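Some notes on the structure that comes next.
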């Protein structure tokens, strides 16, 4: 019998909320601080529901943020406001925006 594994969408569907943002800020505050001290515009590669971009964008300096993910359903869960998110692949150089260089490309998935 095979084990039924949840999809990413199932795992994150209830995480687009203030409580999860507060948890994430506490858990990854050091990462967020490093990003904010090193750039004014950001591209989140593999953004999922866009948690990092939302936190960066809501910071006092209000940096320019965008992100992409290969999973459209994850982007739909994030429902970003004022942040551009699109479908894209981290391995495709054409995915990365060129409209507001220079920027910091980040992916918190490497921290997991």
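Residue numbers (the working numbering): 1 to 112. Where is the CB? At the ideal position from N, CA and C, for every residue including glycine. Predicted model, so just to flag it, every value in this text is computed and none were measured.
query: State the Cα-Cα distance for the pair residue 77 and residue 57, rounded to the nearest angstrom.; result: 18 angstroms
query: Is residue 75 closer than 8 angstroms to residue 87 when the C-beta atoms are compared?; result: yes
query: Quick check: the Cα distance between residue 83 and residue 11, rounded to an integer number of angstroms?; result: 22 angstroms
query: If you draw a straight line from the C-alpha of residue 16 to the C-alpha of residue 79, how long is it?; result: 8 angstroms
query: Can you tell me the Cα-Cα spacing of residue 94 and residue 37, whole angstroms?; result: 27 angstroms
query: When the Cα atoms are used, what is the spatial distance from residue 85 to residue 33?; result: 22 angstroms
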